[in-house]
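A short worksheet on the structure shown next.
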């Protein structure tokens, strides 16, 4: 049953009290990027809300960290850790609930409502990259996905590389080209093979292939889930698999743009480079980790031979989320 709010929230908005994702926004009236929370068709300006005299009482764990709500990224808030995130999310639900015990903070304060609740669809609102990305790792996750892709390239007998079931397969992407959703993407230029015959030659006689330099003709998209790490670790210190989830701040939708024709020619022997470093789009809103907890489900069990090393063995069984992701293409 959906949580009820005193604020008029369209059930189809996806931004009910069960969600409350965080992002960075600015307005024409106040062009400084700052922290906001999506609720229905509104953005709750957390920086403005924090100026209320009752704010420290309702959000005691933020009382000593007021600057995190005025920051131009969510990094400082994310670094406070999951205990703080959980408490802030719970307090927000209480403030916005139909039977809120904190009516004086927002519901019953007309001036604060007018200042802190901003229509998210207003032309005067700009969404920004929610986090400053210092590092970006792209994991080749999903057994069925990896098997089908491997079958297309190498056939079913050699679909998966020998190490796939024994360690996390990933590569480091380019953090500097991560952009917020809605940012225009420029079609990349690079070396491609111009004919099907040349593509066949690359399988056995790469030296005979003659590439050309051209705009990519096979620009592809990928629907992925991005995981934002909040509290980190000191250099050289490991995070155990049992503790890893405590370091997760939240999740974003992610589009790993890929130039497949450039990738075909360049990926041997070290993997993709220019074909995947030109742009990665992420959603403006970060869904906090706790918001996805109700959707946990059993993970696919695949027996690795040999068995995974002890440091990778997960005792929990509900380690994935049962959520539906869809893509719609609009042509013009």
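Residue numbers (this note's numbering): 10 to 341.
Backbone N, C-alpha and C fix where the C-beta goes; we use that ideal spot for every residue, glycine too.
Being a predicted model, the structure only gives us computed values, none of them experimental.
Next on the checklist: Starting from residue 331, trace the alpha helix (DSSP H) in both directions and tell me its first and last residue.
Outcome noted: In the chain shown, residue 331 corresponds to position 322, counting from 1. Careful: residue 331 lies outside any alpha helix (DSSP H) and carries neither H nor E.
Checklist entry - Identify the residues that DSSP records as bridge partners of residue 233: which are they? => result Start at 1 with the first residue of the chain shown, and residue 233 comes out as number 224. The partner list for residue 233 (beta bridge, DSSP) reads 263.
Item to check | Within 8 Å, strictly: CB atoms of residue 125 and residue 53 | outcome: Within the chain shown, numbered from 1, the residue matching residue 125 stands at position 116. Within the chain shown, numbered from 1, the residue matching residue 53 stands at position 44. Contact flag set, yes.
Checklist entry - Contact check, residue 35 vs residue 135 under 8 Å by CB: the rounded distance? => result Position 26 of the chain shown, counting from 1, holds the residue named residue 35. Position 126 of the chain shown, counting from 1, holds the residue named residue 135. That belief holds up - the Cβ atoms of residue 35 and residue 135 are roughly 5 Å apart, short of 8 Å.
Checklist entry - Where does residue 47 land, buried or exposed, given buried means 16+ other C-beta within 10 angstroms? => result For this step, residue 47 is matched to residue 38 along the chain shown. It is buried - the Cβ of residue 47 has at least 16 other Cβ atoms within 10 Å.
Checklist entry - Closest by CA to residue 287, which one among 249, 234, 185 and 258? => result Here residue 287 corresponds to residue number 278 of the chain shown, with the count starting at 1. With distances taken between Cα atoms, residue 287 lies closest to 185.
Item to check | Runs of alpha helix (DSSP H) lying entirely within the segment 91 to 147, each at least 4 residues, in chain order | outcome: 91 to 105 and 119 to 125
Checklist entry - Are residue 296 and residue 235 closer than 8 Å when you measure CB to CB? => result Position 287 of the chain shown, counted from the start, is the residue given in the question as residue 296. Position 226 of the chain shown, counted from the start, is the residue given in the question as residue 235. Result no, Cβ atoms of residue 296 and residue 235 do not sit closer than 8 Å.
Next on the checklist: Tell me the rounded alpha-carbon separation between residue 113 and residue 294.
Outcome noted: Working through the chain shown from its first residue, we reach residue 113 at position 104. Working through the chain shown from its first residue, we reach residue 294 at position 285. The straight-line gap from Cα to Cα measures roughly 27 Å.
Item to check | Host alpha helix (DSSP H) of residue 270 (start-end) | outcome: For the purposes of this step, residue 270 is identified with residue 261 of the chain shown, where counting begins at 1. Unbroken alpha helix (DSSP H) run through residue 270: 269 to 275.
Next on the checklist: Counting beta carbon pairs with one atom in the segment 255 to 269 and one in the segment 230 to 244, are three or more of them shorter than 8 Å?
Outcome noted: yes
Checklist entry - Which residue comes first and which comes last in the alpha helix (DSSP H) that contains residue 159? => result The count along the chain shown starts at 1 and reaches residue 159 at position 150. Residue 159 -> alpha helix (DSSP H) spans 152 to 163.
Checklist entry - Are there 16 or more other CB atoms within 10 angstroms of the CB of residue 291, so buried, or fewer, so exposed? => result Residue mapping note: residue 291 aligns to position 282 of the chain shown, counting from 1. The residue in question, residue 291, is buried, as its Cβ has 16 or more Cβ neighbours within 10 Å.
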